[in-house]
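Take a look at the structure below.
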Amino acid sequence: MNHLSRNRFFAVFLGILGFLPLTVYAINTTPGTYSATAFNETANVNATARDAQAGEVLQIHLLYNNTSGYQQTPTLQADLQDLLYLADIIDLGGASLSGALLTFPSTTVGNGASIDRSFRVQVKAISPTTVDRMINIPFGTGVDIRVQPGGVVKGTYVSPSTGPKENLALAFVLAGLVTLLWSAKHLPIQPRAPRA
Numbered sequence: 000m001n002h003l004s005r006n007r008f009f010a011v012f013l014g015i016l017g018f019l020p021l022t023v024y025a026i027n028t029t030p031g032t033y034s035a036t037a038f039n040e041t042a043n044v045n046a047t048a049r050d051a052q053a054g055e056v057l058q059i060h061l062l063y064n065n066t067s068g069y070q071q072t073p074t075l076q077a078d079l080q081d082l083l084y085l086a087d088i089i090d091l092g093g094a095s096l097s098g099a100l101l102t103f104p105s106t107t108v109g110n111g112a113s114i115d116r117s118f119r120v121q122v123k124a125i126s127p128t129t130v131d132r133m134i135n136i137p138f139g140t141g142v143d144i145r146v147q148p149g150g151v152v153k154g155t156y157v158s159p160s161t162g163p164k165e166n167l168a169l170a171f172v173l174a175g176l177v178t179l180l181w182s183a184k185h186l187p188i189q190p191r192a193p194r195a
């Protein structure tokens, strides 16, 4: 079982168990060949040649070659559930994104001709404890991009509210709990009369 089918198996298995949202797309059914490539713009290398690092920009190309013998009008679509876990899309390249499904507008392609559509992503900083460190783009032959853990996590830390209102609310909850426990221990329990 290769990496792509193994990931799909576990995603479907966990989806059936209810741990992950299960989304199955019937995509790219137009006759022809489909393939994907990836280029690391930041490092100026093929993205599969080295591990991508946090903050690097990757350009993903989705290619369709019409080998059907007839004119075709494919709609290029890619399921990006795996990619969105490790990268943020920064340029859709004219596509639309619905959930994790990236869709490029339909284009008429003559026999023997091909089209190339691309979008750009920025790699997220991931923890060294992250188990899945592979961006998989399951489009045609697919492409796998390894991600190096580490980097600076960008964002703003928002601490929980701990002002006077929150402290007062906590005091009321604790007072109610103490009163309930005290009354359960010290108040006499009235015996019930037997039912007739």
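Residues in the sequence shown are numbered from 0 upward in steps of one, following numbering that gives the first Met the number 0.
Ideal Cβ placement from N, Cα and C applies to all residues, glycine included.
Around T47, the same chain offers A37, V142, D143 and I144 as residues with beta carbons nearer than 7 Å, after the five sequence neighbours per side are excluded. Each residue's CA atom was taken as its position, placing L82 and G31 some 24 Å apart. Look at Q80 here: in three-state DSSP terms it is helix.
In this structure, DSSP gives T129 a state outside helix and strand, which the three-state scheme calls coil. In the DSSP assignment, Q52 forms no beta bridge with any residue. Across the structure, I88 and N65 are spaced so that their CA atoms are roughly 28 Å apart. By the neighbour-count criterion, in which a residue is buried when 16 or more other Cβ atoms sit within 10 angstroms of its Cβ, A170 is exposed.
Nearest in C-alpha terms to I136, of all of I125, S126, R119 and P127, is R119. Taking the CA atoms as reference points, V108 sits about 11 Å from D115. Rounded to whole angstroms, the separation of the alpha carbons of F103 and A94 is 4 Å. In the displayed model, F171 falls within a helix according to three-state DSSP. At the C-beta level, Q121 and Q52 stay beyond 7 Å of one another. V177 is not bridged by DSSP to any residue.
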